[in-house]
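Student: Next up is a structure, given as structure tokens.
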Amino acid sequence: MGDAPVAEPPASESGSRTAPLDLRLAGVAVAAWLSALAVLYLSIRSGVLIASVAGAAALALAAHLSHGARRSVVVRFGWIAVAVLLGVVCGSAATAARLAVRDAAPLAEVVRSGASVTARLVVRDDPRQVSGAPGRPAMLLFSAKLSWLSEPGTRRIETPARILVLASGPGWQDLLPGQRLSATGRLAAPRGGDLTAAVLSVNSAPVRLGEPPWVQRAAGSLRSGLQRACLPLADEPGGLLPGLVVGDTSRLLAAVEEDFKATGMTHLTAVSGSNVAIVVGAVLLLARWARAGPWLAAGLCGVALVGFVILVRPSPSVVRAATMGAIGLAALAAGRPRAALPALAAAVTVLVLADPELAGDAGFALSVLATGGLLLLAPRWRDGLRRRGVPPGLAEALAVPAAAQLACGPVVAGISGTVSLVAVPANLLAVPAIAPATVLGVLAAAVSPIWPAGAEFVAWLASWPAWWLVVIARHGARLPGGTLPWPGGVPGALLLTVLTVALLVAVRRPLVRRLVAVIGVAVVLGALPVRLVAAGWPPAGWVVVVCAVGQGDAVVLPAGPGRAVVVDAGPEPGAVDGCLRRLGVREVPLLVISHFHADHMGGVAGVFQGRRVDAVLMPSSTDPDSGGDVVRAAAADGRASMLTTVAGARHPIGGVELLVLGPPYPLAGTRSDPNNNSLVLSATVAGVRILLPGDAETEEQHAILARAAPGQLRADVLKVAHHGSAYQDLGFLDAVRPAVALVPVGSGNTYGHPNLGLLARLSRGGARVLRTDTDGDLAAIRTDDGLAVVRRGVPVGR
Numbered sequence: 079m080g081d082a083p084v085a086e087p088p089a090s091e092s093g094s095r096t097a098p099l100d101l102r103l104a105g106v107a108v109a110a111w112l113s114a115l116a117v118l119y120l121s122i123r124s125g126v127l128i129a130s131v132a133g134a135a136a137l138a139l140a141a142h143l144s145h146g147a148r149r150s151v152v153v154r155f156g157w158i159a160v161a162v163l164l165g166v167v168c169g170s171a172a173t174a175a176r177l178a179v180r181d182a183a184p185l186a187e188v189v190r191s192g193a194s195v196t197a198r199l200v201v202r203d204d205p206r207q208v209s210g211a212p213g214r215p216a217m218l219l220f221s222a223k224l225s226w227l228s229e230p231g232t233r234r235i236e237t238p239a240r241i242l243v244l245a246s247g248p249g250w251q252d253l254l255p256g257q258r259l260s261a262t263g264r265l266a267a268p269r270g271g272d273l274t275a276a277v278l279s280v281n282s283a284p285v286r287l288g289e290p291p292w293v294q295r296a297a298g299s300l301r302s303g304l305q306r307a308c309l310p311l312a313d314e315p316g317g318l319l320p321g322l323v324v325g326d327t328s329r330l331l332a333a334v335e336e337d338f339k340a341t342g343m344t345h346l347t348a349v350s351g352s353n354v355a356i357v358v359g360a361v362l363l364l365a366r367w368a369r370a371g372p373w374l375a376a377g378l379c380g381v382a383l384v385g386f387v388i389l390v391r392p393s394p395s396v397v398r399a400a401t402m403g404a405i406g407l408a409a410l411a412a413g414r415p416r417a418a419l420p421a422l423a424a425a426v427t428v429l430v431l432a433d434p435e436l437a438g439d440a441g442f443a444l445s446v447l448a449t450g451g452l453l454l455l456a457p458r459w460r461d462g463l464r465r466r467g468v469p470p471g472l473a474e475a476l477a478v479p480a481a482a483q484l485a486c487g488p489v490v491a492g493i494s495g496t497v498s499l500v501a502v503p504a505n506l507l508a509v510p511a512i513a514p515a516t517v518l519g520v521l522a523a524a525v526s527p528i529w530p531a532g533a534e535f536v537a538w539l540a541s542w543p544a545w546w547l548v549v550i551a552r553h554g555a556r557l558p559g560g561t562l563p564w565p566g567g568v569p570g571a572l573l574l575t576v577l578t579v580a581l582l583v584a585v586r587r588p589l590v591r592r593l594v595a596v597i598g599v600a601v602v603l604g605a606l607p608v609r610l611v612a613a614g615w616p617p618a619g620w621v622v623v624v625c626a627v628g629q630g631d632a633v634v635l636p637a638g639p640g641r642a643v644v645v646d647a648g649p650e651p652g653a654v655d656g657c658l659r660r661l662g663v664r665e666v667p668l669l670v671i672s673h674f675h676a677d678h679m680g681g682v683a684g685v686f687q688g689r690r691v692d693a694v695l696m697p698s699s700t701d702p703d704s705g706g707d708v709v710r711a712a713a714a715d716g717r718a719s720m721l722t723t724v725a726g727a728r729h730p731i732g733g734v735e736l737l738v739l740g741p742p743y744p745l746a747g748t749r750s751d752p753n754n755n756s757l758v759l760s761a762t763v764a765g766v767r768i769l770l771p772g773d774a775e776t777e778e779q780h781a782i783l784a785r786a787a788p789g790q791l792r793a794d795v796l797k798v799a800h801h802g803s804a805y806q807d808l809g810f811l812d813a814v815r816p817a818v819a820l821v822p823v824g825s826g827n828t829y830g831h832p833n834l835g836l837l838a839r840l841s842r843g844g845a846r847v848l849r850t851d852t853d854g855d856l857a858a859i860r861t862d863d864g865l866a867v868v869r870r871g872v873p874v875g876r
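Quick note: the sequence shown uses the working numbering, first residue 79, plus one each step.
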């Protein structure tokens with residue numbers, strides 16, 4: 079690998095470097111995985127056909143090879159092909175068998191009928207809250223296994239199929255995996271692409287049938303103890319620590335979660351093989367320090383592994399993570415690290431055949447790729463660094479996160495539609511803190527049932543490395559150009575995979591390696607100053623930002639350094655909080671809620687998150703009441719003043735002048751009274767006029783137009799009403815005549831927003847039209863040459 083002669087490493091190291099990799103099982107694993115994934119999206123008949131064809135081809139090829147020269151290279155590769163075909167047979171057949179259970183005719187008929195059923199279930203994982211309408215009971219989603227179900231007056235259908243349960247009401251929040259229960263609800267068809275046979279919607283309390291297994295009760299007790307031990311801690315490390323230790327992100331702040339995503343550190347808040355490796359590795363080090371024999375050390379590691387699985391709940395994902403994490407440690411303890419790759423391939427094969435749904439699980443892919451990167455790339459990179467004089471500890475610290483990040487990069491890029499440029503350095507800086515935080519967190523959970531005060535002290539110790547992780551993520555997320563847009567989905571993942579493999583092959587040549595290093599340094603040194611000066615966010619001279627918060631509104635008007643007026647809060651807290659953090663908003667002198675639909679006020683808690691909000695301005699109409707109750711509760715918690723306003727009122731805030739244009743009077747009997755009683759505002763910032771009509775539709779727009787003074791509606795920037803719906807008054811739009819029209823809208827919404835005819839009309843009128851679902855955060859800026867628009871290009875809710 080080197081360009082100049084270097085000292086030879088020890089024999090064991092050299093042997094490990096030159097010995098060929100054992101890839102015999104890898105082909106079987108990949109074939110089983112890909113065939114299972116394909117059949118999940120096809121049908122039982124397709125799975126049987128693929129398995130039959132592959133089986134026949136394997137038999138024919140094996141018969142042909144058995145008469146060939148045994149030492150021929152062609153014959154050797156032929157037997158590898160036979161193994162791959164057998165992997166296809168196993169993956170296809172196993173998945174087809176599970177699809178036969180999922181698509182069984184009696185259950186499929188009940189799903190199509192949409193009838194009310196009574197179902198006997200076994201809970202498979204923890205219920206998790208999903209976004210719902212503010213003011214309504216929380217909706218919980220979890221996976222369950224059916225024992226039987228029945229319709230009123232019909233026979234009972236016994237089936238082991240998997241279903242998703244969407245439940246609201248009391249009695250669901252504290253369910254544990256393994257709990258048996260009975261529930262009544264309606265079945266609906268699932269989205270497909272997995273083994274879920276139906277979605278059961280339930281609005282009544284479950285009937286619990288006995289207690290959950292003792293293992294799950296023990297896990298619940300330990301997890302609750304860890305949460306209690308973290309309560310005295312600051313919000314950021316206190317919410318992060320349970321996520322690091324057991325994957326419990328119920329208290330994780332939305333701001334911290336967004337920072338972790340932006341810096342490629344989100345894997346730290348999910349239970350993975352690395353968690354297992356840290357905990358069991360700590361036990362292994364202690365055993366070696368105590369001079370324990372190999373059998374005793376292996377026994378202690380096994381006990382630690384079982385205990386950790388109990389702590390984080392023995393759900394399928396945890397068992398998967400334990401399997402992945404134990405592979406490397408087993409090989410390390412046995413002194414045969416190269417045997418880990420066949421072990422990994424065998425584990426992948428067994429897990430996919432046991433549960434074909436894992437083939438389409440992004441978490442499974444990340445676990446396998448991270449483990450493979452650590453086995454295939456990290457040792458070579460570590461040895462290469464050591465031969466160039468890098469100290470062993472530093473070489474290990476550099477090679478491990480770089481290998482894991484490179485291996486996982488294609489999947490992450492396909493999921494997020496971005497490529498993080500700060501992921502490797504951020505994860506490198508995080509390395510010293512991960513193990514202490516995890517080990518101390520596990521210790522806090524273990525002692526919490528018997529010594530709560532001691533658990534709080536240990537959690538306090540663990541909060542310091544957790545705080546360091548928060549700091550890394552916060553500053554990494556704010557670096558200019560920290561992420562680059564990338565094609566999403568399978569095409570984006572495949573593109574980055576091809577580029578990564580090509581780069582790995584190319585850099586094996588010294589000349590190419592030098593060229594890549596020179597180009598990389600030149601790009602960083604040449605582009606970084608430009609990005610620091612010109613491509614920061616928010617752009618210089620901004621007068622309004624329309625945030626990409628999905629299907630909802632959140633508009634920001636600058637009112638001074640670190641201060642802004644916020645108009646509407648979007649559908650959920652995390653998105654609006656992230657937008658305000660990107661803009662550096664620390665204080666909100668005025669929060670305006672145009673009306674009380676969830677897509678405009680559901681994220682109100684995100685505006686208050688870590689910020690001072692002085693006052694909340696609301697319309698006189700309180701319809702719907704549930705939304706008004708949520709806003710008033712948030713204002714009370716944040717000690718913000720409550721204000722109402724009427725048409726004609728002015729509200730000067732810093733450099734922002736607000737004029738209320740509507741509603742001119744209460745409107746009733748319209749297509750949507752809440753929309754048509756939206757606050758309609760004219761804002762002036764740095765001489766630029768901005769019209770913010772909320773969700774005002776034809777009726778309110780017509781009423782405002784009838785009462786407006788000549789030229790009063792004229793605006794440079796129009797936030798298009800109601801996400802670009804077709805319900806617009808054409809005279810109103812003609813009176814506005816905007817130069818820029820910004821449409822806040824969610825990707826793939828079911829409302830037909832925005833209306834293409836409306837966008838075409840705005841464009842014909844001379845407006846430059848941009849939309850948040852395709853362009854991300856949108857900023858209108860004032861320049862010496864007039865008005866311009868900058869788009870951040872990272873849409874939310876794609």
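Built from N, CA and C at the ideal position, the CB exists for glycine as well.
Only a predicted model underlies this, so the values are computations on that prediction, with no experimental measurement involved.
What does DSSP give as the partner residues of W226 in its beta bridges?
Tutor: BP columns for W226 point to R198, E236.
Student: To which residues of the same chain is G288 closer than 7 Å at the C-beta, ignoring the five residues directly before and after it?
Tutor: Answer for G288: R258, listed in chain order.
Student: Taking a contact to mean a Cβ-Cβ separation below 7 Å, would you say L244 touches L219 in this structure?
Tutor: Going by C-beta atoms, L244 is nearer than 7 Å to L219.
Student: Taking the beta strand (DSSP E) that L265 belongs to, which residues open and close that run?
Tutor: Looking at the DSSP string, the run of the beta strand (DSSP E) that includes L265 is 258-266.
Student: Throw me the rounded Cβ distance for the G185 and A261 pair, which I believe falls under 8 Å.
Tutor: A small fix is needed here, since residue 185 is Leu in this sequence, not Gly. The Cβ separation is near 16 Å, so there is no contact.
Student: Could you give the first and the last residue of the continuous beta strand (DSSP E) run that contains R767?
Tutor: Counting along the chain, the beta strand (DSSP E) containing R767 begins and ends at 766-770.
Student: Are at least three pairs of beta-carbons, each pair with one atom in the region 502-518 and one in the region 274-283, less than 8 Å apart?
Tutor: The region 502-518 vs the region 274-283: no contact.
Student: Tell me whether G638 sits in a helix, a strand or coil according to DSSP, three-state version.
Tutor: Reduced to three states, the DSSP call for G638 is strand.
Student: For L300, does the three-state DSSP call read helix, strand or coil?
Tutor: Of the three classes helix, strand and coil, the one that applies to L300 here is helix, per DSSP.
Student: Give me the residue from R460, V525, L447 with the minimum Cα distance to Q483.
Tutor: Out of R460, V525, L447, L447 has the C-alpha closest to the C-alpha of Q483.
Student: Tell me which residues share the same chain as G706 and place their Cβ nearer than 6 Å to its Cβ, disregarding the 5 neighbours each side in the sequence.
Tutor: Around G706: F674, T700.
Student: How long is the line joining the alpha carbons of L374 and A365, rounded to whole angstroms?
Tutor: In a straight line, the C-alpha of L374 is about 8 Å away from that of A365.
Student: Note down the Cα distance separating E236 from A197, rounded to an integer number of angstroms.
Tutor: The alpha-carbon atoms of E236 and A197 are separated by roughly 10 Å.
Student: Please find out if some non-hydrogen atom of the ligand SAH comes closer than 6 Å to the beta-carbon of G380.
Tutor: Looking for the ligand SAH in the displayed structure turns up nothing, as the structure carries no ligands at all.
Student: Of the residues P822, R659, G619, which one's Cα is nearest the Cα of D863?
Tutor: Looking at the Cα atoms, G619 is the closest of the given residues.
Student: Rounding to the nearest angstrom, what Cα-Cα distance links A370 and A178 in this structure?
Tutor: C-alpha separation (whole angstroms): 50 Å.
Student: T341 to D461, Cα distance in whole Å?
Tutor: Answer to the nearest angstrom: the Cα atoms are 27 Å apart.
Student: Distance, Cα to Cα, R839 vs V724?
Tutor: Those two C-alpha atoms are separated by around 31 Å.
Student: Counting pairs of beta carbons, one from the region 417-433 and one from the region 166-175, are three or more of them closer than 8 Å?
Tutor: The region 417-433 is in contact with the region 166-175.
Student: Keeping to the same chain, check which residues put their C-beta closer than 7 Å to that of G716; ignore five residues upstream and five downstream.
Tutor: So the qualifying residues of the chain are F686, V691.
Student: Would DSSP call A540 helix, strand or coil?
Tutor: Helix, per DSSP.
Student: Would you mind reading off the limits of the beta strand (DSSP E) that contains E650?
Tutor: Counting along the chain, E650 falls outside any beta strand (DSSP E), and DSSP gives it neither H nor E.
Student: Could you say if the region 439-458 and the region 188-196 meet the contact criterion of at least three C-beta pairs nearer than 8 Å?
Tutor: Contact fails: fewer than three Cβ-Cβ distances are below 8 Å.
Student: Can you check DSSP and say which residues form a bridge with V795?
Tutor: DSSP output for V795 lists I768, V818 as bridge partner(s).
Student: Judging by CA-CA distance, which residue of W615, V709, Q806, P320 is the nearest neighbour of G772?
Tutor: The candidate whose alpha carbon is nearest that of G772 is Q806.
Student: Rank A819, L820, S750, R792 by C-alpha distance to the C-alpha of G809 and give the top, closest one.
Tutor: Looking at the Cα atoms, R792 is the closest of the given residues.
Student: Give a yes or no on whether the C-beta atoms belonging to V117 and G125 are separated by under 7 Å.
Tutor: Taking 7 Å as the Cβ cut-off, V117 and G125 qualify as a contacting pair.
Student: Which of helix, strand or coil does DSSP assign to G288?
Tutor: Looking at G288 - three-state DSSP - the assignment turns out to be coil, as it is neither helix nor strand.
Student: By the 10 Å Cβ neighbour count, where 16 or more other Cβ atoms means buried, how is I768 classified, buried or exposed?
Tutor: Answer is buried; the Cβ neighbour count reaches 16.
Student: In the DSSP output, which residue or residues are listed as bridge partners for R842?
Tutor: BP columns for R842 are empty, so no partner.
Student: What number of angstroms, rounded off, separates the C-alpha of L606 from the C-alpha of A555?
Tutor: Because the pLDDT at L606 is just 47, under 50, the model does not fix this residue reliably, and the value given afterwards should be weighed accordingly. Those two C-alpha atoms are separated by around 15 Å.
Student: For R690, does the three-state DSSP call read helix, strand or coil?
Tutor: R690: strand per DSSP, three-state reduction.
Student: For G169, does the three-state DSSP call read helix, strand or coil?
Tutor: If DSSP states are grouped into helix, strand and coil, G169 belongs with the helices.
Student: Express the C-alpha separation of L273 and S279 in angstroms, rounding to a whole number.
Tutor: For S279 and L273, the distance between alpha carbons rounds to 18 Å.
Student: How many angstroms separate the CA atom of A85 from the CA atom of A297?
Tutor: Only weak support is given to the placement of A85: the predicted model assigns it a pLDDT of 37, under 50, and the value that follows is read from those uncertain coordinates. Approximately 51 Å between the Cα atoms of the pair.
Student: Should P212 go down as buried or exposed, given a rule of 16 or more other Cβ atoms within 10 Å for buried?
Tutor: Note that P212 scores 44 on pLDDT, short of 50, meaning its location in the model is unreliable; the coordinates nonetheless yield the value given after this. Burial call: buried.
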